[in-house]
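Going by numbering that gives the first Met the number 0, the first residue of the first sequence is number 0, and it counts up by one from there.
Every residue, glycine too, gets a C-beta built ideally from N, C-alpha and C.
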Amino acid sequence: MPELPEVETIRRGLERRLCGARVTRVEIREPRLRRRVDEAALRALVGRRVEAVGRRAKYLLADVGEGLCWLMHLGMSGRLLLVPSGEPPGEHEHVRVEFDRAGSLRYRDPRRFGWMRVARVEELDEIAGLGPEALGAEIGGAALRALLRGTRRDIKAALLDQRVIAGIGNIYANEILFRAGVRPTRRCPRLSGADLDRIARATAAVLGEAVARRGTSFSDYFDSDGLPGTFQDVLAVFDRRGEPCRRCATPIKRRAQGGRSSFYCPCCQR
DNA sequence: ATATGCACCTGTGTGC
DNA sequence: TGCACACAGGTGCATA
């Protein structure tokens, strides 16, 4: 479910409430996530204080001091919710972590594609292979060209490849390519300098606006306070098959690409 | 190198 | 109403 803007929104919520709070209890109700939760390692968080909450692409990293990091990935359906202590567990609530003064953090994930683990900062190999942040470091057309050098695949697949550029998922890949006026099926080597410039600018604009709107809640994403985002109100193409393009009124098309849905305007995107 | 298919799971919406 | 099927925000592996 969550791409960079949703994870960033959750990060801000957790940072506001969890920084300085101490873990008092860890309960693992279902350790069989995408990767089995190391229960002993997670329980060893008890007594530690959250010093900072960071993000790398779609990963959340809570700094718990002494070079230790609590790493979380939300997969497709993962949610982190801060609730008052004593709140009874909801469905698919696999992990709950109690804090001394921040209430209770609940990890809920019906599909269990997410996971979490505690790691030493120097052994975070999961995030070592990620490409540059899609939002943050200013990636211009020239930088994008360098990142795509040598690949002949289509631009949509490249944008979704976290080793090329990190943080973009299926919603925002579609939205970025609409804003750039580029068909998702265009091959990377055939993109002009102007195309790459527009894609780079669209990436910053779309992700920036999505963060400002606190993410996309088109079915079941909510932030750590249970609030929806509002980017679904301005989606140009994603999940809009058959609906009129907001620019030219041509019906939006959908086609499967690499096993995922691509949405595009056949008139505005070439 | 890369495309495809599948696997991991549950939930929801569709058409019959 | 039930049932079968397609599809869902992500990743990672095996195979061609």
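Cβ pair E50, D37 closer than 9 Å | no
Extent of the continuous beta strand (DSSP E) to which D262 belongs | The identity of residue 262 in the sequence shown is Phe, whereas the question assumes Asp. From DSSP, the beta strand (DSSP E) with F262 extends over 259-263.
Sequence-distant residues of its chain with Cβ nearer than 7 Å to V236 (five each side left out) | N173, E174, F177, I251, F262, Y263, C264
Run through DSSP, which three-state label would V49 get?
-> coil
Alpha carbon to alpha carbon, what distance is there between I170 and G74?
-> 14 Å
Do S218 and I9 have their C-beta atoms closer together than 9 Å?
-> no
Would you grab the beta carbon distance between L195 and R144 for me? Rounded to a whole angstrom, and I think it's under 8 Å.
-> 5 Å
So, helix, strand or coil for P131, using DSSP?
-> coil
Does the distance from the C-beta atom of E26 to that of G214 stay below 9 Å?
-> no
With V117 and L41 assumed to form a contact (beta carbons below 8 Å), what rounded beta-carbon distance in angstroms separates them?
-> 6 Å
For R111, I'd like the list of residues in its chain whose CB is within less than 6 Å of its CB, leaving aside the five on either flank, ordered along the chain.
-> L32
Do you know how far the Cα of R254 is from the Cα of R239?
-> 12 Å
By the 10 Å Cβ neighbour count, where 16 or more other Cβ atoms means buried, how is C267 classified, buried or exposed?
-> buried
Please list, in chain order, all residues of the same chain as C187 whose beta carbon is under 8 Å from its beta carbon, the five residues on each side excluded.
-> L147, T150, R151, R152, D153, I154, A157
Three-state secondary structure assigned by DSSP to L59 | strand
Where Q161 sits in the DSSP three-state scheme = coil
Measure the C-alpha to C-alpha separation of R95 and P109 and round it to an integer number of angstroms.
-> 15 Å
Residue from R24, E122, T23, A193 with nearest C-alpha to G66 = E122
In the structure shown, what three-state DSSP assignment does V233 receive?
-> helix
Would you kindly check if the distance between the Cβ of M71 and the Cβ of M115 is under 9 Å?
-> yes
Residue interval of the alpha helix (DSSP H) (run including T8) | 3-17
Nearest-angstrom beta carbon gap, E14 and V45 [assumed within contact, 8 Å] | Their Cβ separation, rounded to whole angstroms, is 21 Å, which puts V45 and E14 out of contact at 8 Å.
Taking C-beta to C-beta, are L159 and T202 nearer than 9 Å?
-> no
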